[in-house]
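Here's the structure we're looking at; comments come further down.
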Amino acid sequence: MEHQATMEKLIALAKRRGFIYQGSEIYGGLAGTYDYGPLGTALKNNIKNLWWKMFVDGRDDMYGMDAAVLMNGRVWETTGHVAGFADPLVECTKCKKRFRADQIPDRTKCPECGGALGSERQFNMMLSTRVGAMEDSSSVSYLRPETAQGMFVNFKNVVDSFHPKLPFGMGQVGKAFRNEITPRDFIFRLRELEQMEIEYFVRPEDWERAFEEWRVAMGEWLKAVGIDTSRVHEVDIAPEDLAHYSKRTIDFEFEYPFGQKELYGLAYRTDFDLGSHTKASSVDLSYIEEDGTRFMPHVIEPSFGVDRTVLAVMLSAYAEDELGGGGRTYLKFHPRVAPVKAAVFPLMKNKPELVAKAREVYQALKAEIPQVMWDDNGNVGKRYRRQDEIGTPFCITVDFDTLGENADLKDTITLRDRDTGEQRRVPVSELIEIIKKSIR
């Protein structure tokens, strides 16, 4: 019987197996920051590459962007971030700890020490910095709190360079920074995060059709990346709770161990951003049709958090069961996002002829599929358990039959399936195609 992960179990596995570490851990850490280890980096890159393939390279109406993290401070004044990108903050009068007022059950009592809480105030979440040698107001800039504005301010550049016809979109993957009052729940709420965002420009009268198309596309993405769709809920945000730029927003919420919370968002931003930047910069960001008609396009914004995707994928993949007479923990990643696609073993590492043949198989496979691991540490059973725990879909064992001890099985290997534990003999010549087919 499979079991869902608790956060404690997942965090322990993530550290033990090199997925995710606490940021600056040897110095006591820094709240709201985490470092991705070798396997976490591979998982994250696989997710980002799949997203880019599905939503940018896989479409004819998308243009990729990589805008700078630092932007002219006027960008954030124009969009309302300087004045209004804030969360409600309260401070304990006794222990002096600070909390988001909307995340504590009792608004009058400190959740840490029980002391009285002070009055609520708004706390701006943007991280400010200075650019250049001057120490005056002209040098103030911000680490961007979202990637979206880098696409909006480049709208005219893309139109002038590529002359796209509506509808078309711009996609970007990049870092964003938010000075969260109380970062929490592992990599769910961070001060340094990564986003995968799209700004899709449409004629004003076409927004509802485009919104629905992207809603469906986001549902297809959930399946493609291996998120358990039975734990995902689409929530239409009430009009009174919409962001100031939005006329309609759907949150895709995931059932995390700590509650049902936002995973992705789909927003209809109208022409708020292009219109605001046109007014503030005095640069016309309207679109001109072939017949000379000029208007301000409206925008559909599908927004995906990379870190939240990693968390949802790991929680969806986590499983415990009984196999071979003992309990095991494994991650049932879809092969296309698994950080290691296959592991190659020699049956015994003290037999040079087995090691040499296994190395030959390993090198041939790795030349075609880079995310392949060599493992000769411990007995084969322990290697299986270790590979299961990091989510490796296939284990490949080179044994004496491979070398020709049984003439009928020469140049075949044992291929083991992670999820079922089933093993079968497969010709070495078919290995590459079997693994490639699984990750398409």
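In our numbering, the protein residues as written are 1260 to 1699. C-beta: ideal position from N, C-alpha, C; glycine also.
1. Return helix, strand or coil for F1411, following the three-state DSSP convention.
2. Among E1648, L1668, V1461 and V1614, which has the Cα closest to the Cα of M1321?
3. Counting beta carbon pairs with one atom in the segment 1624 to 1631 and one in the segment 1568 to 1586, are three or more of them shorter than 8 Å?
4. Rounded to the nearest angstrom, what separates P1594 and V1565 at their Cα positions?
5. Grouping DSSP H, G and I as helix and E and B as strand, with all else coil, what is K1307?
6. What first and last residue would you give for the alpha helix (DSSP H) that runs through A1483?
7. Looking only at C-alpha atoms, which of Q1263, Y1401 and K1268 sits nearest to S1387?
8. What number of angstroms, rounded off, separates the C-alpha of V1542 from the C-alpha of N1416?
9. Could you say which of E1664, A1602 and A1615 lies nearest to R1644 if we only look at CA atoms?
10. If you drop the 5 nearest sequence neighbours on each side, which residues of the same chain put their C-beta closer than 8 Å to that of L1662?
11. Pair every Cβ in the segment 1429 to 1449 with every Cβ in the segment 1468 to 1480, then say whether three or more of these pairs are closer than 8 Å.
12. Within 10 angstroms of the Cβ of T1552, are there 16 or more other Cβ atoms? Answer buried if so, exposed if not.
13. Which stretch, first to last residue, makes up the beta strand (DSSP E) that contains K1268?
14. Under the three-state reduction of DSSP, which class applies to R1644: helix, strand or coil?
15. Okay, do the segment 1358 to 1377 and the segment 1297 to 1306 touch, 3+ Cβ pairs below 8 Å being the bar?
16. Taking the alpha carbon of S1535 as the point to measure from, which residue in I1547, E1512 and Y1504 has its own alpha carbon closest?
17. Is it the case that the segment 1525 to 1535 contacts the segment 1261 to 1271, given that we only count it when at least three CB pairs across the two stretches are under 8 Å?
18. So, helix, strand or coil for Y1286, using DSSP?
19. Would you give the residue range spanned by the beta strand (DSSP E) that A1578 belongs to?
20. Indicate the three-state DSSP secondary structure (helix, strand or coil) for N1416 in the structure shown.
21. Use the C-beta contact count for M1455: other C-beta atoms within 10 angstroms, 16 or more gives buried, fewer gives exposed.
Result, derived from the coordinates:
1. Here residue 1411 corresponds to residue number 152 of the sequence shown, with the count starting at 1. Of the three classes helix, strand and coil, the one that applies to F1411 here is helix, per DSSP.
2. Your numbering for residue 1321 matches position 62 in the sequence shown. Of the candidates E1648, L1668, V1461 and V1614, the one whose C-alpha sits nearest the C-alpha of M1321 is V1461.
3. Cβ pair count under 8 Å is below three, so no.
4. In the sequence shown, counting from the first residue as 1, residue 1594 sits at position 335. In the sequence shown, counting from the first residue as 1, residue 1565 sits at position 306. C-alpha separation (whole angstroms): 18 Å.
5. As a first step, residue 1307 must be located in the sequence shown, where it is residue number 48. The answer is helix: DSSP assigns K1307 an H, G or I state.
6. To locate residue 1483, count along the sequence shown from 1; it is residue 224. Per DSSP, A1483 belongs to the alpha helix (DSSP H) from W1466 to V1484.
7. For the purposes of this step, residue 1387 is taken as residue 128 along the sequence shown, with counting starting at 1. Among Q1263, Y1401 and K1268, the Cα nearest to that of S1387 is on Y1401.
8. Counted from its first residue, the sequence shown places residue 1542 at position 283. Counted from its first residue, the sequence shown places residue 1416 at position 157. Straight-line Cα distance between these residues: approximately 11 Å.
9. Along the sequence shown, one-based indexing puts residue 1644 at 385. With distances taken between CA atoms, R1644 lies nearest to A1602 out of E1664, A1602 and A1615.
10. Here residue 1662 refers to the residue found at position 403 of the sequence shown. So the list reads E1612, L1613, K1616 and K1669, once near-sequence residues are dropped.
11. Per the Cβ contact rule, the segment 1429 to 1449 is not in contact with the segment 1468 to 1480 (fewer than 3 Cβ pairs under 8 Å).
12. The sequence position of residue 1552 within the sequence shown is 293, counting from 1. It counts as exposed.
13. Start at 1 with the first residue of the sequence shown, and residue 1268 comes out as number 9. It is not in any beta strand (DSSP E) - K1268 instead sits in the alpha helix (DSSP H) that spans M1266 to R1275.
14. Counted from its first residue, the sequence shown places residue 1644 at position 385. R1644 carries a helical assignment under DSSP once its states are collapsed to helix, strand and coil.
15. In short, these stretches do not touch, since the Cβ pair count stays below three.
16. Locating residue 1535 in the sequence shown gives position 276, where the first residue counts as 1. The shortest Cα separation from S1535 among I1547, E1512 and Y1504 belongs to Y1504.
17. Touching, no.
18. Position 27 of the sequence shown, counted from the first residue, corresponds to residue 1286. Looking at Y1286 - three-state DSSP - the assignment turns out to be helix.
19. Indexing the sequence shown from 1 puts residue 1578 at position 319. First-last of the beta strand (DSSP E) with A1578: Y1577 to L1582.
20. For this step, residue 1416 is matched to residue 157 along the sequence shown. In the three-state reduction of the DSSP assignment, N1416 falls in the helix class, which pools H, G and I.
21. Position 196 of the sequence shown, counting from 1, holds the residue named residue 1455. Looking at its Cβ environment, which holds 16 or more other Cβ atoms inside 10 Å, M1455 is buried.
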